[in-house]
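Reading through the structure tokens given below for one structure.
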DNA sequence: TCCAAGACTTGACTCATTCCAGACCAGTGG
DNA sequence: CCACTGGTCTGGAATGAGTCAAGTCTTGGA
């Protein structure tokens, strides 16, 4: 884990962020359920905290994303999701049926074939791969 | 080109779709400006047609997407965009600044490294690659 | 302990997209 | 050529995700 949950306060400070109850709650919510959308994170954080406005959740998540504490993924057709695994360049598989997201390790380190042949003048900074398919759970309940 | 614009009527019929003025207008709008978001397509279609409701544009685009006549792409942070190039599995580069989308041909035919090493039980159907960067235009105006 | 910067609340708002009911029209059968 | 049927379009309202602004509260350095 890249997230030392043992001391989230120090973690926030390390990123130059103020330590508030809201931020700690959101941080542990994101760490606790990776790939959760903002409203689920808000719900989880409220369980720790009692009350927390939706706007604050977005504010906190944006702050975290900006400094690189969490990563934001936005699969087509579903709201933005967040995860704390930011250190490596892994990718995601998304279930067409239930929208579940699963981490997929990059099979080939530096991703050789992710350099486009003709970039049309683009200065490429990052390649993002999304696999679409059916997750194990949905596949079980559908088949047979 | 996979789209014989010479006879769009026959094209629609071939896909089992009814031929209406709205559909012809939307089809030519999408073909005319690839990667345009729905509202630009609506504007372009209205120029041909005089009037066309937004709901109808979405209805038509969904119908087209369903039969595979157009492809829908949804880069994070921007509304859905549509293109008529559906035959090959090309990918897209998205400009972080202006949101422009550019086609990128798949460098390696069958995309060998796009098969995940551990699929976590997922049955993968399709890999989608998005490159994030700065387009030539934005790069020109920013640099120096 | 005090204070300023930054964080949170509330509530309204935007934007893309969908849903609904009813009017309308393309294409089929007579 | 005409009438019918079901798919298509209109207009308007609704939804869901996310943003914004103004005011209040809290954190952390002095």
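Chains as they are written, first to last, in the numbering used here: chain A, 1 to 144; chain B, 1001 to 1144.
Just so you know, even glycine gets a beta-carbon here, dropped at the ideal spot from N, CA and C.
Values in this document were obtained by computation on a predicted structure and should not be read as measured data.
Note that the C-beta distance between residue 131 (chain A) and residue 93 (chain A) is below 8 Å. Where residue 63 (chain A) is concerned, there is no enclosing beta strand (DSSP E), although the alpha helix (DSSP H) around it starts and stops at 54–67. Within the DSSP secondary-structure output, residue 1102 (chain B) pairs in a beta bridge with B:1093. Using a CB distance cut-off of 8 Å, residue 1084 (chain B) does not count as an interface residue toward chain A. If you draw a 10 Å sphere on the C-beta of residue 1066 (chain B), you find fewer than 16 other C-beta atoms in it, and that means exposed. Residue 14 (chain A): member of the alpha helix (DSSP H) spanning 8–14, first to last residue.
The residue from B:1029, B:1133, B:1135, B:1036 with its alpha-carbon nearest to that of residue 1080 (chain B) is B:1036.
The alpha-carbon of residue 1023 (chain B) is positioned some 6 Å away from that of residue 1060 (chain B). Residue 1082 (chain B) counts as buried, since at least 16 other C-beta atoms from the protein chains shown sit within 10 angstroms of its C-beta. Residue 1025 (chain B) and residue 30 (chain A) have their C-alpha atoms roughly 45 Å apart.
Residue 134 (chain A) is bridged by DSSP to B:1123.
At least one beta carbon of chain A lies nearer than 8 Å to the beta carbon of residue 1133 (chain B). For residue 102 (chain A), the neighbours in chain B by C-beta distance under 9 Å run, in chain order, 1119, 1120, 1121, 1122.
The C-beta separation of residue 96 (chain A) from residue 134 (chain A) comes to about 6 Å, placing the pair in contact by the 8 Å criterion. Residue 1085 (chain B) sits in coil when the DSSP states are folded into three classes, being neither helix nor strand. Within the stretch 60–74 of chain A, the residues whose Cβ lies closer than 9 Å to some Cβ of chain B are 72, 73, 74, listed in chain order. Cβ contact annotation for residue 19 (chain A) (same chain, cutoff 7 Å, sequence separation greater than five): 9, 12, 13, in chain order.
With 16 or more neighbouring CB atoms inside 10 Å of its own CB, residue 38 (chain A) falls in the buried class. Residue-level contact by beta carbon holds for residue 1129 (chain B) and chain A, with a gap shorter than 8 Å. According to the DSSP secondary-structure assignment, residue 128 (chain A) is paired through a beta bridge with B:1130. Taken residue by residue, none of the stretch 34–58 of chain A has a beta-carbon sitting less than 8 Å from a beta-carbon on chain B. Annotation: Cβ neighbours of residue 77 (chain A) in chain B (cutoff 8 Å, chain order): 1074. Membership of residue 18 (chain A) in any alpha helix (DSSP H) is not indicated, and neither H nor E is assigned to it by DSSP. In the three-state reduction of the DSSP assignment, residue 1076 (chain B) falls in the coil class.
Look at the stretch 6–32 of chain A: it has no residue with a C-beta under 8 Å from a C-beta of chain B. Between residue 42 (chain A) and residue 52 (chain A), the C-beta gap is smaller than 8 Å, which places the two residues in contact. Shown here for residue 77 (chain A): not one same chain residue has a beta carbon closer than 7 Å to its own, the five before and five after excluded.
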